[in-house]
Amino acid sequence: MWNLCTVIPNVSSTFTFSVQPHPFLNFVNRRRRPRCRVTMSSDPQNAVVVGCGGVAVDYLASVAAYPKPDDKIRTTNLKVQGGGNAGNALTCLARLGLNARLISKVADDSQGRGILDELRADGVDTSFIVVSKEGTSPFTYIIVDNQTKTRTCIHTPGYPPMIPDNLPKSSLLSALDGAKIAYFDGRLPDTALLVAQEAVKKNIPILIDAERPREGLDDLLKLADYVVCSAKFPKAWTEASTLPQALVSMLLMLPNIKFVIVTLGKDGCIMLERTADSPSAEEVDADTLLESLELKRNKSVSTPTCIQSSVAKLKAEGIGTVSGKLYVGTAESIPPSELVDTTGAGDAFIGAVIYAICAKFTPEKMLSFAANVAGAKCRDLGARSGLPYRADPRFESFILENLSTSSINSL
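UniProt numbering puts the sequence shown at residues 1 to 411.
Below is the structure:
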């Protein structure tokens with residue numbers, strides 16, 4: 001339970017706390033849903049995933065509309081819960097039944113203890129989270145605009161920051177023992193690079209969340225097998241003029257990556273997958289190919305779908321050519337009455353992508369699954385409240401139907 005000194009406003013009928021007990025009153029004692037178990041050989045149940053990155057406390061305030069400067073407004077809903085990209089993605093994986101281990105750092109304060117308690121309640125292994133006797137834990141103020149369905153984040157990093165000396169070699173080796181994949185959100189750059197280098201030595205695939213350019217991110221990207229980017233990152237990082245050209249450039253600049261995904265919010269995602277060179281593959285302009293796939297979108301379908309090209313030699317003018325397949329994944333069309341908050345949707349998407357890699361889903365099934373998980377998250381306030389469990393009927397049936405499907409990007 002969070003140990004917070006907080007004044008609770010008068011609760012009116014506009015406050016809704018029906019999804020779970022209010023976090024001020026009962027944060028970690030909510031009932032855990034049972035997890036189903038199946039015996040298919042491709043089932044990743046209990047597969048070990050190691051994440052290295054940020055955790056935080058999120059203070060979420062829903063408002064009717066974002067305030068103007070010097071305004072005074074009231075919240076319509078209030079929630080305090082754990083956050084941070086890595087913490088959110090690992091929570092997603094733990095709820096889906098994987099063995100999620102998190103490398104991060106908090107302080108020995110009320111916020112830090114709350115962060116650890118919530119992660120443990122969701123089944124995340126916190127054994128490798130460093131607890132500093134002094135300093136402060138990270139926290140974020142998040143204003144959720146009910147009118148535009150947008151969120152504004154104001155983050156305060158923890159102090160002192162995590163450094164490689166905080167993670168003894170024995171702990172590092174223990175964290176990576178048996179891991180199927182390692183995930184990095186781009187934070188804790190020096191520690192992340194240490195963990196990633198050890199993962200490479202152990203032939204553990206690496207997925208990088210490239211949210212925005214950060215200190216040390218280039219060094220991590222050079223070690224990556226998979227990259228998931230925000231909408232703005234590819235063009236900013238490659239200086240290409242269009243998104244398709246930027247994706248081609250990324251595959252050329254990072255010869256080890258198997259695929260790169262760009263998340264586009266309500267517009268879904270785009271994925272470029274590297275394929276083996278084929279003499280019969282047609283050379284096509286990357287921009288033209290994306291335009292042709294976009295024309296095939298069926299806007300009348302509300303559930304996530306995936307449109308894919310055939311193997312081609314994708315050309316980016318002035319950059320180069322790469323053999324690959326282009327995919328356009330659609331997002332779930334969520335009715336306005338059900339769309340609550342997009343905070344953490346990208347983390348949910350990444351968690352689902354990691355699960356799909358471990359489960360050997362085909363790329364098109366992976367993108368649809370990830371879009372469904374992200375859509376479920378958007379139906380509740382905060383980054384974690386809406387994250388689904390493996391036993392939720394909608395996701396259980398999808399997983400069982402697709403577990404036996406092999407992927408060309410198997411681990």
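Glycine included, C-beta positions come from ideal geometry on N, C-alpha and C.
| Item | Value |
| --- | --- |
| Under a three-way DSSP split, which group does K72 fall into? | coil |
| Kindly indicate which three-state DSSP category V340 falls into: helix, strand or coil? | coil |
| Would you call L400 buried or exposed, if buried means 16 or more other Cβ atoms sit within 10 Å of its Cβ? | exposed |
| Excluding the five sequence neighbours on either side, which residues of its own chain have a C-beta within less than 6 Å of the C-beta of V227, listed in chain order? | I208, A210, I257 and V260 |
| Let me check understanding here. Comparing Cα to Cα, which of S323, K360, P335 and R384 lies closest to D347? | R384 |
| Can you give me the C-alpha to C-alpha distance between G344 and A107, rounded to a whole angstrom? | 23 Å |
| Taking DSSP's pairing of strands, which residues face S132 in a bridge? | A107 |
| Is the beta carbon of A86 closer than 8 Å to that of V55? | yes |
| Ignore the nearest five residues each way along the sequence and tell me which others in P244's own chain have a CB closer than 6 Å to its CB. | A286, D287 and L290 |
| Whose C-alpha, out of E198, S170 and K169, is nearest the C-alpha of Y183? | E198 |
| So, Y59 versus T148, is the Cβ gap smaller than 8 Å? | no |
| Can you find at least 3 beta carbon pairs, one from the segment 318-333 and one from the segment 60-69, that sit closer than 8 Å? | no |
| Is D392 closer than 8 Å to V340 when the C-beta atoms are compared? | no |
| Pick from T303, A370 and I307: whose alpha carbon is nearest that of E332? | T303 |
| Report the rounded CA-to-CA distance for L293 versus S249, giving the unit in angstroms. | 20 Å |
| With the cut-off set at 8 Å, would you say K133 and C358 are in Cβ contact? | no |
| Leaving out five residues before and five after F233 in sequence, what residues of the same chain have Cβ atoms less than 8 Å from its Cβ? | A210, E211, R212, P213 and V262 |
| Taking the beta strand (DSSP E) that R390 falls in, what are its first and last residues? | Here R390 belongs to no beta strand (DSSP E), and DSSP marks it neither H nor E. |
| Ignore the nearest five residues each way along the sequence and tell me which others in residue 414's own chain have a CB closer than 6 Å to its CB. | The structure shown has nothing for residue 414, since the chain only spans 1 to 411. |
| How many angstroms separate the CA atom of A370 from the CA atom of L221? | 22 Å |
| Which value, in whole angstroms, describes the spacing of the CA atoms of residue 428 and I143? | What the structure shows of the chain is the stretch from 1 to 411, and residue 428 is not part of that stretch, so it cannot be assessed. |
| What is the DSSP secondary structure of V144, counted as helix, strand or coil? | strand |
| Considering only their Cβ atoms, is the gap separating A312 from E282 smaller than 8 Å? | yes |
| How would you label G318, buried or exposed, when you count the other beta carbons within 10 angstroms and need 16 or more for buried? | exposed |
| Could you have a look at G318 and say whether DSSP puts it in helix, strand or coil? | coil |
| Is R95 buried or exposed, if buried means 16 or more other CB atoms sit within 10 Å of its CB? | buried |
| Tell me whether Y66 sits in a helix, a strand or coil according to DSSP, three-state version. | coil |
| Going by DSSP, what residues sit across from I257 in a beta bridge? | In the DSSP output, where bridge partners are listed per residue, I257 has none listed. |
| As a quick exercise: from T91, G97 and T75, pick the residue whose alpha carbon is nearest that of Q45. | G97 |
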